[in-house]
């Protein structure tokens, strides 16, 4: 089959971008043809997709679309425009550019299936423009956040999402949220989860494990956007309270939000009790190497869909400390049974991804104790093979193929 994959963002740099790129790889491994519609900056090169995959790119910051790529998160790891800041004129330019790309992809690639990412504006446009194509969309939670925090084209988006042939959720809790927010029958929403690239993310060899186990001090790694909403400020505060008899070294890997926020967090990192290194964005192979060298992976985020970085860390043999995000624990228990995960209770939230400042000291205390427990715990291997991208791709393709041709 020919499968068109659609996102308004870059097919890299974020969890949803990685998800799309890995679905494309999974589709090709299953013998399908794939093409991609995506948003890019003027000089971006697509490096996360095979060179022979057709890419119908919408180039932002050019004549006709003179603003940065639109981001589903308010803090993106690259220069981006918030959807809430789109004027009617900007929205019109966005739709005109993507309509041209979608039409070109439909005419030249002639897809059998269309898989969109995010239950949001571009998915609505795709449903309107390609009414005869079998179409589904993957929710990544940031779309739910957009729908809850402002009303850009809200009624139109809901109406279009209801006309999708299938909607795909990352976990059961998200499935319930989608049904409630968009008014979709739960039977039309399928939980497909997330995966990891087993060619890249795998445990260290026995010899390497033994060597790293003898090394001091202990090593902690964080992978994600270097922002307060990912819990980085709370992590730095918690580290000052962590007792590590042999010492502790910390690597923070990922892009950042604003320059101002990064400078603030970098200053806090420099003042931390333990050495903290900001490693910037790294390629998957480098992330895997950091994971294999670490004793504990930590993600104290206040809001996520299904964090791929947790699955990747477990696949590398890491012990994990993560906030008890909605839907994450039951999904991991089902797909990676026995995973060495320590969950940290979230603080009360005053909005979708904003913690109550008064609750942060208690949260940071819980986080510090969780890190100590994880550091002291034995390293227990777990089987992450139930979360492969090939399986996720097959679930999505099979569900859409079962729909049959549209009239």
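In the numbering used here, the protein residues as written are -10 to 396. Cβ atoms here follow ideal geometry from the backbone N, Cα and C, with glycine treated the same way.
- Item | Cβ shell of residue 299 (< 7 Å), same chain only, five flanking positions each side left out | Locating residue 299 in the chain shown gives position 310, counting from the first residue. When the five nearest sequence neighbours on each side are left out, the beta carbons in the same chain lying within less than 7 Å of the beta carbon of residue 299 are those of 288, 309, 311, in order along the chain.
- Count the CB pairs spanning the stretch 262 to 282 and the stretch 71 to 88 that are closer than 8 Å, and state whether there are at least three. The stretch 262 to 282 is not in contact with the stretch 71 to 88.
- Query: Candidates 48, 74, 164, 356: which alpha carbon is nearest residue 290's?
  - Reply: Here residue 290 refers to the residue found at position 301 of the chain shown. Answer by Cα proximity: 356.
- Unbroken beta strand (DSSP E) run spanning residue -9, endpoints: Here residue -9 corresponds to residue number 2 of the chain shown, with the count starting at 1. Start and end: -9 to -5.
- Does the stretch 377 to 393 come close enough to the stretch 238 to 254 that 3 or more CB-CB pairs lie under 8 Å? no
- With 16 other Cβ atoms within 10 Å as the buried cut-off, status of residue 369: Taking the chain shown and counting its residues from 1, the one referred to as residue 369 is at position 380. So residue 369 ends up on the exposed side.
- Query: Does DSSP put residue 153 in a helix, in a strand, or in coil?
  - Reply: Position 164 of the chain shown, counted from the first residue, corresponds to residue 153. Note: residue 153 maps to coil in three-state DSSP.
- Query: Would you report the Cα separation of residue 277 and residue 13, rounded to the nearest angstrom?
  - Reply: Position 288 of the chain shown, counted from the start, is the residue given in the question as residue 277. Position 24 of the chain shown, counted from the start, is the residue given in the question as residue 13. About 21 Å.
- CB-CB under 8 Å to residue 207, same chain, minus the five flanking residues each way: which ones, in chain order? Sequence index remark: in the chain shown, residue 207 carries index 218 (1-based). So the qualifying residues of the chain are 233, 235, 236, 237, 238, 284, 285, 364.
- Query: Just curious, the beta strand (DSSP E) that residue 101 is in, first and last residue?
  - Reply: Within the chain shown, residue 101 is the residue found at index 112, counting from 1. Careful: residue 101 lies outside any beta strand (DSSP E) and carries neither H nor E.
- Three-state secondary structure (DSSP) at residue 203? Against the chain shown, residue 203 aligns to sequence position 214. Note on residue 203: pLDDT 49, under 50, position unreliable in the model; the coordinate value appears next. The answer is helix: DSSP assigns residue 203 an H, G or I state.
- Query: Excluding the five sequence neighbours on either side, which residues of its own chain have a C-beta within less than 6 Å of the C-beta of residue 360, listed in chain order?
  - Reply: The residue you call residue 360 lines up with position 371 of the chain shown. Counting only Cβ-Cβ distances below 6 Å, and skipping sequence neighbours, we find 231, 310.
- Task: Within the stretch 4 to 67, note down every full alpha helix (DSSP H) run reaching 4 residues or more, in order along the chain.
- Result: 4 to 18
- May I ask which residues mark the beginning and end of the alpha helix (DSSP H) holding residue 171? For this step, residue 171 is matched to residue 182 along the chain shown. Unbroken alpha helix (DSSP H) run through residue 171: 161 to 171.
- Message: Between the stretch 133 to 141 and the stretch 328 to 342, can you find at least three pairs of beta-carbon atoms closer than 8 Å?
- Response: Segments in contact, yes.
- Could you give the distance in angstroms between the alpha-carbon of residue 163 and the alpha-carbon of residue 37? In the chain shown, the residue the question calls residue 163 occupies position 174. In the chain shown, the residue the question calls residue 37 occupies position 48. Rounded to whole angstroms, residue 163 to residue 37 spans 27 Å at the Cα level.
- Can you tell me the Cα-Cα spacing of residue 263 and residue 324, whole angstroms? Residue numbering aside, residue 263 sits at position 274 when the chain shown is read from its first letter. Residue numbering aside, residue 324 sits at position 335 when the chain shown is read from its first letter. Distance between the alpha carbons of residue 263 and residue 324 is about 34 Å.
- Item | Bounding residues of the beta strand (DSSP E) (the contiguous stretch that carries residue 286) | For the purposes of this step, residue 286 is identified with residue 297 of the chain shown, where counting begins at 1. 285 to 288 is the extent of the beta strand (DSSP E) around residue 286.
- Message: With distance defined between alpha-carbon atoms, name the residue in 176, 18, 30 nearest to residue 381.
- Response: Position 392 of the chain shown, counted from the start, is the residue given in the question as residue 381. For residue 381, the nearest C-alpha among the options comes from 18.
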